[in-house]
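2 protein chains.
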Amino acid sequence: MDRHVSLLTLAVDDLDRAVRFYRDGLGLSTPGIVGREFEHGAVAFFELRGGLKLAVWPRASMAAETGLGVSRSGPPDVTIGHNVDSRAEVDRVMEQARHAGATIVRPAGKVFWGGYAGYFQDTDGHVWEIATRSGQ
Amino acid sequence: MDRHVSLLTLAVDDLDRAVRFYRDGLGLSTPGIVGREFEHGAVAFFELRGGLKLAVWPRASMAAETGLGVSRSGPPDVTIGHNVDSRAEVDRVMEQARHAGATIVRPAGKVFWGGYAGYFQDTDGHVWEIATRSGQ
Numbered sequence: 001m002d003r004h005v006s007l008l009t010l011a012v013d014d015l016d017r018a019v020r021f022y023r024d025g026l027g028l029s030t031p032g033i034v035g036r037e038f039e040h041g042a043v044a045f046f047e048l049r050g051g052l053k054l055a056v057w058p059r060a061s062m063a064a065e066t067g068l069g070v071s072r073s074g075p076p077d078v079t080i081g082h083n084v085d086s087r088a089e090v091d092r093v094m095e096q097a098r099h100a101g102a103t104i105v106r107p108a109g110k111v112f113w114g115g116y117a118g119y120f121q122d123t124d125g126h127v128w129e130i131a132t133r134s135g136q
Numbered sequence: 001m002d003r004h005v006s007l008l009t010l011a012v013d014d015l016d017r018a019v020r021f022y023r024d025g026l027g028l029s030t031p032g033i034v035g036r037e038f039e040h041g042a043v044a045f046f047e048l049r050g051g052l053k054l055a056v057w058p059r060a061s062m063a064a065e066t067g068l069g070v071s072r073s074g075p076p077d078v079t080i081g082h083n084v085d086s087r088a089e090v091d092r093v094m095e096q097a098r099h100a101g102a103t104i105v106r107p108a109g110k111v112f113w114g115g116y117a118g119y120f121q122d123t124d125g126h127v128w129e130i131a132t133r134s135g136q
C-alpha cells in the first residue's frame with residue numbers, strides 16, 4: 001500500500017447539521033451536499049490541506065455501503081488530530097468549536113508528551129484533538 | 001480552524017499486532033512503538049503523504065486521555081479512504097490487506113459513483129476503502 005490517505009469519512013445522524021457544524025461553525029469550505037441523485041449518495045466534502053478531504057455521510061448510508069450495520073455514537077475508536085502553532089491558537093479553535101455546538105471533552109491544558117492540547121466532540125460524537133508542541 | 005489534519009489515531013486492542021499489520025502487512029514505515037515511558041504513552045506512528053501521520057494507540061489509553069470510556073469494535077462510524085490509480089491497484093491492495101490478516105468487508109467492484117472500490121477491516125475493525133476513479 002502506498003502512503004496516501006485521501007478521504008476521511010465521518011458517519012453522521014443529520015447531514016445538514018454536520019454541514020452547518022463544519023462549514024459555518026468551523027469555517028471549512030465545501031461545495032455543499034452532493035450526490036442526492038444516488039441511493040446512499042448524499043454526502044458533503046470539505047477540502048483539507050495535503051490532498052486530504054473530509055466527508056460527512058449519513059450513518060445509514062455508511063451501513064448500507066459497508067454492510068456492517070449502523071453505528072451509534074459511543075466511546076471513540078478514532079481521534080482526528082489538528083496541530084496548530086501556538087497555545088493561543090489551541091484555545092481559539094477550542095472556543096470556536098464550543099461556539100459551533102461541539103462538546104468540550106477535555107479543556108486545553110498541558111499533556112503528558114509535553115505539549116498543550118484539548119479534545120472536543122462534534123455534533124455526532126467524533127473526537128478532535130487540537131494540539132501544539134509550542135511552549136508559547 | 002485552518003484546514004490541516006495532521007494525525008489520525010486508531011484505537012487498538014493489541015499494539016504489537018497493529019504494528020505488525022500496518023508495518024509488516026501493509027508496508028507502512030514506522031520507527032516502532034515509542035512513548036512507553038509515559039502512562040498511556042505507548043503508541044506507534046506511521047508516516048503518510050501530505051504531512052499526515054497515522055497512529056495506533058491502545059483503546060485503554062485513548063479512553064484514559066479522553067475520559068470517554070473504552071471503545072469496542074462495532075459498526076464503523078469512520079472510514080479511511082485510500083485512492084489509487086487503477087482497478088488493478090485496488091485489487092492488489094485488497095489482496096495485500098487480506099494476506100496481512102484484514103477482513104474483506106466488501107470485495108472490490110463497481111460502486112454507485114462510477115468508480116471501483118472495496119472495503120476491508122484491519123485487525124481492530126477499522127474500515128478502509130480502497131478506491132479508484134479510473135475505468136482501467
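In the order they appear, the protein sequences are chains Y and H. Counting from 1, one number per residue, gives the positions in the first sequence under my numbering. Counting from 1, one number per residue, gives the positions in the second sequence under my numbering. Positions of the beta carbon are idealized from the N, C-alpha and C atoms, including for glycine.
Worksheet item: Run through DSSP, which three-state label would Gln121(H) get?
Response: strand
Worksheet item: What residue from Ala55(H), Gly35(H), His40(H) has the CA that sits closest to His126(H)'s CA?
Response: Ala55(H)
Practice prompt. With 9 Å as the C-beta to C-beta threshold (strictly closer), list the residues of the stretch 67 to 85 of chain H near chain Y in chain order.
Written response: Gly67, Leu68, Gly69, Val70, Ser71, Arg72, Ser73, Gly74, Pro75, Pro76, Asp77, Val78, Thr79, Ile80, Gly81, His82, Asn83, Val84
Worksheet item: Between the stretch 4 to 12 of chain Y and the stretch 74 to 88 of chain H, are three or more C-beta pairs nearer than 8 Å?
Response: yes
Discussion item. With a threshold of 8 Å, are at least 3 pairs of Cβ atoms found where one atom belongs to the stretch 95 to 106 of chain Y and the other to the stretch 53 to 67 of chain H?
Written reply: yes
Discussion item. Please tell me whether Leu48(Y) has its Cβ less than 8 Å away from any Cβ of chain H.
Written reply: yes
Worksheet item: For Leu26(H), which of Arg133(H), Gly35(H), Met94(H) has the nearest alpha-carbon?
Response: Of the candidates Arg133(H), Gly35(H), Met94(H), the one whose C-alpha sits nearest the C-alpha of Leu26(H) is Met94(H).
Discussion item. Any beta carbon of chain H sitting closer than 8 Å to that of Phe112(Y)?
Written reply: By this cut-off, Phe112(Y) is an interface position.
Practice prompt. Rounded to whole angstroms, what's the CA-CA distance from Lys110(Y) to Tyr116(Y)? Just pull it up for me.
Written response: 4 Å
Discussion item. Whole angstroms are fine: how far does the CA of Pro31(Y) sit from the CA of His4(H)?
Written reply: 18 Å
Item to complete: Identify which residue in Gly74(Y), Asp85(Y), Ala60(Y), Leu15(Y) has its Cα closest to the Cα of Ala131(Y).
Response: For Ala131(Y), the closest of Gly74(Y), Asp85(Y), Ala60(Y), Leu15(Y) by C-alpha to C-alpha distance is Asp85(Y).
Practice prompt. Output yes or no for whether 8 Å exceeds the beta carbon distance between Val19(H) and Ala44(H).
Written response: yes
Worksheet entry | Beta-carbon proximity of Glu15(H) to Tyr22(H), cut-off 8 Å | Reading off the sequence, residue 15(H) comes out as Leu, not Glu. No, the pair does not count as a contact, with Cβ atoms beyond the cut-off.
Worksheet item: For Gly51(Y), which of helix, strand or coil comes out of DSSP?
Response: Of the three classes helix, strand and coil, the one that applies to Gly51(Y) here is helix, per DSSP.
Discussion item. Can you give me the C-alpha to C-alpha distance between Arg133(H) and Phe112(H), rounded to a whole angstrom?
Written reply: 11 Å
Worksheet item: Which residue's Cα is closest to the Cα of Thr62(H): Asp122(H), Arg98(H), Gly41(H)?
Response: Sequence inspection shows Met at residue 62(H); the Thr mentioned does not correspond to that position. Closest option to Met62(H), Cα to Cα, is Gly41(H).
Discussion item. Using only the alpha-carbon positions, how far apart do Val90(Y) and Gly118(Y) sit?
Written reply: Going by the C-alpha atoms only, they are around 7 Å apart.
Practice prompt. Tell me, please, which residues DSSP counts as bridged to Gly109(H).
Written response: Ala117(H)
Worksheet item: Within 10 angstroms of its Cβ, does Arg87(H) collect 16 or more other Cβ (buried), or is it exposed?
Response: buried
Fill in: Under the three-state DSSP convention, the category Ala11(Y) falls into
strand
Discussion item. Considering only DSSP beta bridges, list what Glu129(Y) is partnered with.
Written reply: Gly81(Y), Tyr119(Y)
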